[in-house]
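Below is one structure; the comments refer to it alone.
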Amino acid sequence: MNHKQNTEKEKKIIEYEQRNLVNEHQYSILELPTILIYLIISKLPLMTIFSCKCVCKAFQKLVEDPYFAETHLNEAPVTSTTVIVKENLFYFPYFRPYILELDDIPKNSSCSSDHQFSNQYTISRRSHGVAPIDVKCWFLTRNTALIGSCNGLLCLYTLSVRKPTYCVCNPVTGECMTLPHPASCSTDYYLNYSGFGFCLKTEQYKVIRFMRSAPPLRTVALVHTLGTRSWRNIGEAPQPMSRGSFNCVVDGKLHFITASNEISETVYSFDLETEKFEPVPMPSHFSPEYVSKISWISVGVISGSLCLCYMFSDAYFVVLAMQEYGIRESWIKKFAIDIKFHCGWRAVDFQRPIKFLNNGELLFLSVSNSLVSYNPRNRAFSDIKSLGYGRAEAIAHVPSFVSLKTLVFKGGIDQENIKLEHQMLGQNIS
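Just so you know, the sequence shown maps onto residues 1 to 430 in UniProt numbering.
Laid out in structure tokens, this is it:
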């Protein structure tokens with residue numbers, strides 16, 4: 001009996017010493033070097049970062065530090081995949097950007113080729129939507145269109161043929177700037193295509209818009225540099241096709257599909273530095289006979305390379321990538337989806353590609369207004385989110401805590417040329 005009591009007593013002593021040993025080596029995360037704390041928080045999901053601000057004043061100060069904002073902006077494209085979603089909710093008379101954060105690695109495969117599809121998806125990845133209270137931008141109109149996203153800035157405009165209003169905002173910080181209206185004639189009208197990008201050399205953000213000018217009837221391009229007071233007419237330009245590009249900045253150039261019937265002029269680039277247009281060499285197998293079987297085509301980016309996504313013979317969704325930019329012979333096929341191989345799918349279901357995810361999957365908006373991803377390795381589809389009925393949109397986005405003013409004035413533009421608004425931003429564009 002005494003031996004048993006001694007054994008239990010020894011166990012308690014050992015457990016006590018172990019607890020004390022652990023406690024002696026426990027440190028607060030705030031004791032780490034600040035740069036390490038920034039790196040750790042930057043790799044957290046966006047909602048978790050918002051929650052960190054509520055832990056204590058020290059964490060709130062860390063998250064609001066401009067240096068953390070810069071660190072997060074550098075880390076976010078690698079550590080997370082986010083998109084800006086425009087849901088069509090008829091019971092809301094306004095538009096608020098919705099940030100959807102995705103897991104890059106599916107938890108389970110779904111909708112494989114051996115199963116019936118029947119327009120039903122099995123959720124195989126988790127999505128984390130950022131609560132509306134954390135997205136500070138909202139607009140008192142639903143009549144808006146998403147143009148593009150760059151370094152955490154979102155560019156959009158109101159849908160008006162005669163006089164659309166452009167706006168650039170940061171949904172996370174709530175800052176917004178309304179761009180000035182360009183001078184135009186009463187006979188001019190704007191085409192349903194615009195672009196938004198960042199020139200690395202000049203560190204300037206630029207918006208390009210196209211309009212038809214008459215007489216004579218021709219397409220011209222206007223460019224606005226964020227922080228300036230006006231638009232500049234840079235002359236004649238190739239006529240773009242509406243919704244012909246996604247995530248399309250490569251080598252400092254915006255890319256878009258044109259309305260030209262010439263195969264050599266199917267894709268054009270716009271250099272953000274020189275503001276010049278150039279045709280992009282098309283794949284060598286794009287003969288007139290082959291192109292005649294393409295029902296629609298988009299240009300985008302996959303793993304940093306320019307890519308083409310198109311529907312061929314209403315039976316195959318094909319993805320090509322240009323391994324060396326500007327070299328015609330470098331076009332290779334990344335993968336092709338045999339539509340007939342997947343029960344329940346049709347060619348029209350691939351309404352709009354959105355982004356190639358970090359794990360190689362393709363994220364696209366289906367004809368039923370659902371965000372869907374396709375895994376080319378196991379040939380499986382995954383449903384992510386339904387966006388309701390009517391006009392829904394989604395674009396790739398990298399959230400940022402950096403101030404809009406800080407990003408815009410990095411290029412040395414006079415700060416007096418910009419006016420930032422907060423909260424009731426819709427009053428500027430409604």
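Using N, Cα and C, we set each Cβ at its ideal position, and we do this for glycine too.
Note that the coordinates shown come from a computational prediction; the quantities given were computed from them, not determined experimentally.
Backbone secondary structure at residue i - three-state DSSP
| i | result |
| --- | --- |
| residue 181 | coil |
| residue 304 | coil |
| residue 240 | strand |
| residue 393 | strand |
| residue 219 | strand |
| residue 328 | helix |
| residue 404 | helix |
| residue 262 | coil |
| residue 213 | strand |
| residue 246 | coil |
Span separating the alpha-carbon of residue i from that of residue j
| i | j | result |
| --- | --- | --- |
| residue 86 | residue 174 | 17 Å |
| residue 339 | residue 358 | 24 Å |
| residue 157 | residue 166 | 4 Å |
| residue 29 | residue 74 | 22 Å |
| residue 244 | residue 192 | 11 Å |
| residue 312 | residue 247 | 22 Å |
| residue 54 | residue 60 | 7 Å |
| residue 278 | residue 269 | 5 Å |
| residue 239 | residue 31 | 58 Å |
| residue 48 | residue 204 | 31 Å |
| residue 51 | residue 146 | 28 Å |
| residue 392 | residue 369 | 6 Å |
| residue 179 | residue 320 | 36 Å |
| residue 275 | residue 242 | 20 Å |
| residue 218 | residue 266 | 18 Å |
| residue 310 | residue 171 | 32 Å |
| residue 97 | residue 399 | 12 Å |
| residue 283 | residue 331 | 6 Å |
| residue 263 | residue 256 | 14 Å |
| residue 123 | residue 102 | Residue placement at residue 123 is flagged as unreliable, the pLDDT there being 32, under the threshold of 50; a coordinate-derived value is accordingly withheld. |
Assigned exposure category for residue i - 16 Cβ within 10 Å defines buried
| i | result |
| --- | --- |
| residue 258 | buried |
| residue 95 | buried |
| residue 328 | exposed |
| residue 341 | exposed |
| residue 195 | buried |
| residue 402 | buried |
| residue 35 | exposed |
| residue 72 | buried |
| residue 148 | buried |
| residue 209 | buried |
| residue 293 | exposed |
| residue 183 | exposed |
Terminal residues of the beta strand (DSSP E) in which residue i lies
| i | result |
| --- | --- |
| residue 350 | 350-356 |
| residue 279 | 277-279 |
| residue 333 | 331-338 |
| residue 379 | That residue, residue 379, is in no beta strand (DSSP E); it is neither H nor E in DSSP. |
| residue 101 | 98-102 |
| residue 227 | No beta strand (DSSP E) contains residue 227, which DSSP labels as neither H nor E. |
| residue 197 | 189-199 |
| residue 271 | 267-271 |
| residue 152 | Segment: none, residue 152 is in no beta strand (DSSP E) and carries neither H nor E. |
Run of the alpha helix (DSSP H) containing residue i, from where it starts to where it stops
| i | result |
| --- | --- |
| residue 289 | 288-291 |
Any non-hydrogen atom of the ligand PLP within 7 Å of residue i CB
| i | result |
| --- | --- |
| residue 323 | Of ligands this structure carries none, so the ligand PLP is not represented either. |
Please give me, in chain order, every unbroken run of the beta strand (DSSP E) with length at least 3 that falls completely inside the region 21-87.
Counting whole runs of 3 or more residues, the region 21-87 contains the beta strand (DSSP E) stretches 81-86.
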